[in-house]
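If you number the sequence shown the way our numbering does, the last residue is 245 and the count never jumps.
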Amino acid sequence: MISIDSIDSTNRKTKELLVQGESEGLIVTARTQTAGRGRKDRSWYSPIGGLYFSIALKPRIGPEQAPLLGLLSACAVARGIRSLGVENVRLKWPNDVLVQQHKIAGILSESIQVDDNHLRIVVGIGVNQNCPVSEMSEHLRWPTTSIIDELGKETSIEALLCSIVNEMDELLQAVENDSSYAVVLEEWRRVSSTLGTRVRIYEDEKTTDGIAKDIGEDGSLIVETDEGLMKVVSGDVAHLGGME
Ligand code: BTN
Numbered sequence: 002m003i004s005i006d007s008i009d010s011t012n013r014k015t016k017e018l019l020v021q022g023e024s025e026g027l028i029v030t031a032r033t034q035t036a037g038r039g040r041k042d043r044s045w046y047s048p049i050g051g052l053y054f055s056i057a058l059k060p061r062i063g064p065e066q067a068p069l070l071g072l073l074s075a076c077a078v079a080r081g082i083r084s085l086g087v088e089n090v091r092l093k094w095p096n097d098v099l100v101q102q103h104k105i106a107g108i109l110s111e112s113i114q115v116d117d118n119h120l121r122i123v124v125g126i127g128v129n130q131n132c133p134v135s136e137m138s139e140h141l142r143w144p145t146t147s148i149i150d151e152l153g154k155e156t157s158i159e160a161l162l163c164s165i166v167n168e169m170d171e172l173l174q175a176v177e178n179d180s181s182y183a184v185v186l187e188e189w190r191r192v193s194s195t196l197g198t199r200v201r202i203y204e205d206e207k208t209t210d211g212i213a214k215d216i217g218e219d220g221s222l223i224v225e226t227d228e229g230l231m232k233v234v235s236g237d238v239a240h241l242g243g244m245e
C-alpha cells in the first residue's frame, strides 16, 4: 500500500504505477487530493478528513467487468460505512452511496490496458468521512452528507479503509468461487434506493423518464419508459421520487 499526503488524484497515480509494472492489489491512499476526479469528468472535492483511495484489480471471469466491479465496490463501501454505525445506507445506480438520498461516497472505476494481454481496473473510492458538509457546501453539486454529520463524531479513516478493502476481498472471493456476480447483483438489488423509483436518465444530450425496474447481468440499469424497456449502460440517473 502506498500512502501519500497530497496528490492530484489517487486514480491517476495508480494507473501510472500499473503502467510502470505494479500489479493487482496495489492500493494508493491520500489524505487530500488536489484534482480528485469523479464520474463524467467531474471534479471530486477532497479536503483532509475524507477517505480517498484507489485499488488495482484484475478482471477474474470476463473482460467487460468494470461496471460489475463498480457495483461490487459500492456494496463493500456500504458495508464498511454501515459497520461504523451509520444507518439507512443505500445505493444509487451505478455506484453512489447514499444516506436518505444524500451522497456520502462515490466510486470511479476505470479500465486500463497495461500491455497487449493485460487489462486492469482501477477502482477509486471517495468517502465523506470526517469533513462536515457545512465546511464543504460551496463545492457540492448535489445533496451531500458525511459520516461525521450522521454520527456526530469522528471515526478512524484507517479502520474504514481496512473494512472496505476486507469487504471487497470477501465479495471478490465469492464471485470467483461462484464464477458469477450473482451474489453481488443480489446484494445490490437489496440495498438499492434506485429500483422501483421514478428516474430521469441523462444520456448524451437526451433525457428520458421512467421507472427503474432492475439491473441486468452486465450491471446495466433497466428502465421502463413510455417507449418500452430501456437498458442504460453509462448514463447519469436522477431519482425523481415517487414509487412504482
Ligand atoms: C463520483 O461519485 O463521481 C466518483 C467519485 C470518486 C472519487 C474518488 S476519491 C479517490 C479516487 N481518486 C480520484 O481522483 N477519484 C476517486
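Each residue gets a CB set at the ideal place from its N, CA and C atoms; glycine is no exception.
Note down, in chain order, each residue of its chain lying with its Cβ closer than 8 Å to the Cβ of residue i, except the 5 sequence neighbours on either side.
{"i": "E218", "result": "Y182 and L186"}
{"i": "S221", "result": "P68, K232, V233 and V234"}
Residue i by DSSP, collapsed to three states: which one?
{"i": "S181", "result": "coil"}
{"i": "E245", "result": "Since pLDDT at E245 reaches only 46, below the 50 mark, its modelled position is unreliable, and the value read off the structure follows with that caveat. Reduced to three states, the DSSP call for E245 is coil."}
{"i": "L27", "result": "coil"}
{"i": "R61", "result": "coil"}
{"i": "L99", "result": "strand"}
{"i": "R121", "result": "strand"}
{"i": "T33", "result": "strand"}
{"i": "N12", "result": "helix"}
{"i": "L85", "result": "coil"}
{"i": "G197", "result": "coil"}
So what does residue i bridge to, in DSSP terms?
{"i": "K41", "result": "K41 is not bridged to any residue."}
{"i": "Q114", "result": "L120"}
{"i": "M231", "result": "V224"}
{"i": "Y53", "result": "A31 and G127"}
Ordered along the chain, which non-local residues of its own chain (more than five positions away) have a Cβ less than 7 Å from that of residue i?
{"i": "K41", "result": "D237"}
{"i": "S147", "result": "I105, N129, Q130, C132, P133 and V134"}
Please classify residue i as buried or exposed, where buried requires at least 16 neighbouring CB atoms within 10 angstroms.
{"i": "E245", "result": "Unreliable positioning characterises E245 in this predicted model, as indicated by a pLDDT of 46, which lies under 50. A coordinate reading is not provided."}
{"i": "N89", "result": "exposed"}
{"i": "P68", "result": "buried"}
{"i": "T35", "result": "exposed"}
{"i": "T208", "result": "exposed"}
{"i": "A160", "result": "exposed"}
{"i": "Q114", "result": "exposed"}
{"i": "T15", "result": "buried"}
{"i": "Y169", "result": "The displayed chain sequence assigns Met, not Tyr, to residue 169. Answer is buried; the Cβ neighbour count reaches 16."}
Cα-Cα, which of the options is closest to residue i?
{"i": "S194", "options": "S24, D215 and I28", "result": "D215"}
{"i": "A77", "options": "E188, E111 and I49", "result": "E188"}
{"i": "D97", "options": "C163, L109 and G86", "result": "L109"}
Given residue i, which residues of its chain have a CB within under 6 Å of its CB, disregarding the five upstream and five downstream residues?
{"i": "I56", "result": "I28 and V124"}
{"i": "S4", "result": "T30"}
{"i": "I165", "result": "A77, V78 and G81"}
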